[in-house]
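Notes follow once the structure below has been shown.
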Amino acid sequence: MINKINFTGIRNIAAANFTRNKLPSESLSMTLKNDLNDNTLDEFKSAVRKSGNSDFIDWEYPDVLNIENAYDDIAKTNKLYINGIFLKSTDKNLPLFSFIAKITGRIADMKDKDFIVNETYKEYCVKDTLIYGKKFPKDTDMKEFFDSDGAKFCAENINARIDDVMREYFEI
1 MINKINFTGI RNIAAANFTR NKLPSESLSM TLKNDLNDNT LDEFKSAVRK SGNSDFIDWE
61 YPDVLNIENA YDDIAKTNKL YINGIFLKST DKNLPLFSFI AKITGRIADM KDKDFIVNET
121 YKEYCVKDTL IYGKKFPKDT DMKEFFDSDG AKFCAENINA RIDDVMREYF EI
């Protein structure tokens, strides 16, 4: 088997729609890497450092980034979570919002050939990281979550939510 190679700094992109606490939610999960064309993982770590909250890094899977978007229809608010931690709209978190907007924009515009999935990740790691707080049974077939069109759609939604959150934050 020949492994495809990409130099986007983003791999193993998976997306899921689900309900958490009666709120419709979507999750976009991926692994980040530094490679020839960019330093995506270092950019994420830098944004986390600037936030002052190292809990945004999943120390069991430090190269995994999970972005969850929950929308409360009643309160008309979006809640964004990074690796299971609520991302508050504060000045210190602006670098994280910027990074997430940038990476979701990149995913939304990715060519299908650049969606690289490591089979080991698909079989093991994603079962723990796709939806934080939920572990999938070992026999769950995770292939359905690695659809490039679904990931692009989820990335577009999250990117639009970040725009909404930032407009509210800056009172635009």
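With the working numbering applied, the sequence shown closes on residue 172, and no number is skipped along the way.
The beta-carbon is built from N, C-alpha and C at its ideal position, and this holds for glycine as well.
Per-residue DSSP class, three states only, for residue i
{"i": "isoleucine 10", "result": "strand"}
{"i": "phenylalanine 99", "result": "helix"}
{"i": "alanine 160", "result": "helix"}
{"i": "methionine 1", "result": "Note on methionine 1: pLDDT 42, under 50, position unreliable in the model; the coordinate value appears next. Methionine 1: coil per DSSP, three-state reduction."}
{"i": "phenylalanine 146", "result": "helix"}
{"i": "asparagine 118", "result": "coil"}
{"i": "isoleucine 107", "result": "helix"}
Proximal residues to residue i (C-beta, below 6 Å), its chain only, five neighbours per side dropped
{"i": "glycine 105", "result": "Asn159"}
Residue range of the alpha helix (DSSP H) that includes residue i
{"i": "threonine 31", "result": "Careful: threonine 31 lies outside any alpha helix (DSSP H), inside the beta strand (DSSP E) at 23 to 32."}
{"i": "leucine 41", "result": "40 to 51"}
Exposure label - residue i; buried when at least 16 CB within 10 Å
{"i": "leucine 96", "result": "buried"}
{"i": "isoleucine 172", "result": "exposed"}
{"i": "asparagine 17", "result": "exposed"}
{"i": "asparagine 37", "result": "exposed"}
{"i": "alanine 14", "result": "buried"}
Range covered by the beta strand (DSSP E) that runs through residue i
{"i": "lysine 79", "result": "77 to 82"}
{"i": "aspartate 128", "result": "It is not in any beta strand (DSSP E) - aspartate 128 instead sits in the alpha helix (DSSP H) that spans 126 to 129."}
{"i": "isoleucine 67", "result": "64 to 72"}
Rounded separation between residue i and residue j - CA only
{"i": "lysine 22", "j": "asparagine 34", "result": "37 Å"}
{"i": "asparagine 83", "j": "alanine 47", "result": "14 Å"}
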